[in-house]
Every structure is written in C-alpha cells, then in structure tokens.
Amino acid sequence: AAQCNSFSIWAQNGVCPSGQLLGKRLGFGLFPTLAKLNHSCLPNATVSEQAHGHRRLLTARALTNIPQGEEVVISYSAAGLLLAPEQRAAWLLRSFLFTCRCELCAAPSEEAKGL
59 AAQCNSFSIW AQNGVCPSGQ LLGKRLGFGL FPTLAKLNHS CLPNATVSEQ
109 AHGHRRLLTA RALTNIPQGE EVVISYSAAG LLLAPEQRAA WLLRSFLFTC
159 RCELCAAPSE EAKGL
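Listed below in structure tokens is the structure:
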C-alpha cells in the first residue's frame, strides 16, 4: 500500500481551532499539490476547505510572510499543537508515523518556550 498525505473532507464547517468537530467527516481526499506540504509544529501556512456544491476546494494560505526559498509547512493537525512536547511527539508518531524534527521540536525545552 502506498503512503501519502491526505486531507479529511468535512460535511459542513470542518474543525474549529480547538480541534472540536463541528461537522461530520465524509472521508479523505488526495490533493497531489497539497500532499507535498510537510508538517511543522510552527507552521507558516494553513490549509482551508471551501465547499462549492458537491465539490471541495482546498487552499494553502500563508500565515506569515514566507521568504523566497523557505519551505512552506503546515500543521497536520491543530489539536496536536496543544499538547506538551513529549505528548505531541508521541501523538505525531502514533497518528502520522513520523518523528517531528521541526524547529519547535528540535529546540531545547527552555528555548522552545520563546518560539
């Protein structure tokens, strides 16, 4: 089986910032361009979903000015960002099968508080 990034498709309003479900998950979609975006616990972009009848449009939007040549990264789930570093690392490994090495996760815990 192939592994690649996919995105949940929601019936109505998706997921609010707290991670609480507002709509019903309809399934998953493969969006080849967006699937190339890597995860960071300090994302510089986000993916938003818009409904157009029976079709869904996913768009990546910058959260900050992204200098030319810098990688565009998203958080695979806002819910995980609310966890303590050790819990977040375990959750990412369990949920997405990778060990995060983003700037936040690589920083010593005292330094990470300032990021």
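The sequence shown finishes on residue 173 if you use the numbering used here, and the numbering steps up by one all the way, no holes. Even for Gly, the Cβ is constructed at its ideal location relative to N, Cα and C. If you're wondering where the values come from, they're calculated on a predicted model, not measured in any experiment.
Asked	Found
By how many angstroms is the C-alpha of residue 166 removed from the C-alpha of residue 117?	33 angstroms
Run through DSSP, which three-state label would residue 118 get?	strand
Would you grab the beta carbon distance between residue 121 and residue 161 for me? Rounded to a whole angstrom, and I think it's under 8 angstroms.	Not quite, the Cβ-Cβ distance comes to about 14 angstroms (not below 8 angstroms), so this is no contact.
The alpha helix (DSSP H) spanning residue 107 covers which residue range?	Segment 103-110 is the beta strand (DSSP E) holding residue 107; no alpha helix (DSSP H) there.
Flag this pair as touching only if the region 88-95 and the region 148-155 have three or more C-beta atom pairs under 8 angstroms; answer yes or no.	no
To the nearest angstrom, how far is the alpha carbon of residue 140 from that of residue 153?	15 angstroms
Helix, strand or coil for residue 76? Go by DSSP, reduced to three states.	Reliability fails at residue 76, whose pLDDT of 45 lies under 50, so the model's placement of it is uncertain and the value that follows must be treated cautiously. Residue state, collapsed to three classes: coil.
Are residue 136 and residue 119 close, meaning C-beta to C-beta below 9 angstroms?	no
Grab me the residues of residue 159's own chain with a C-beta within less than 6 angstroms of its C-beta, minus the 5 sequence neighbours each way, in chain order.	none
Could you check whether the Cβ of residue 107 sits closer than 9 angstroms to any Cβ belonging to chain C?	The structure shown contains no chain C; it is built from a single protein chain.
Can you give me the C-alpha to C-alpha distance between residue 124 and residue 131, rounded to a whole angstrom?	10 angstroms
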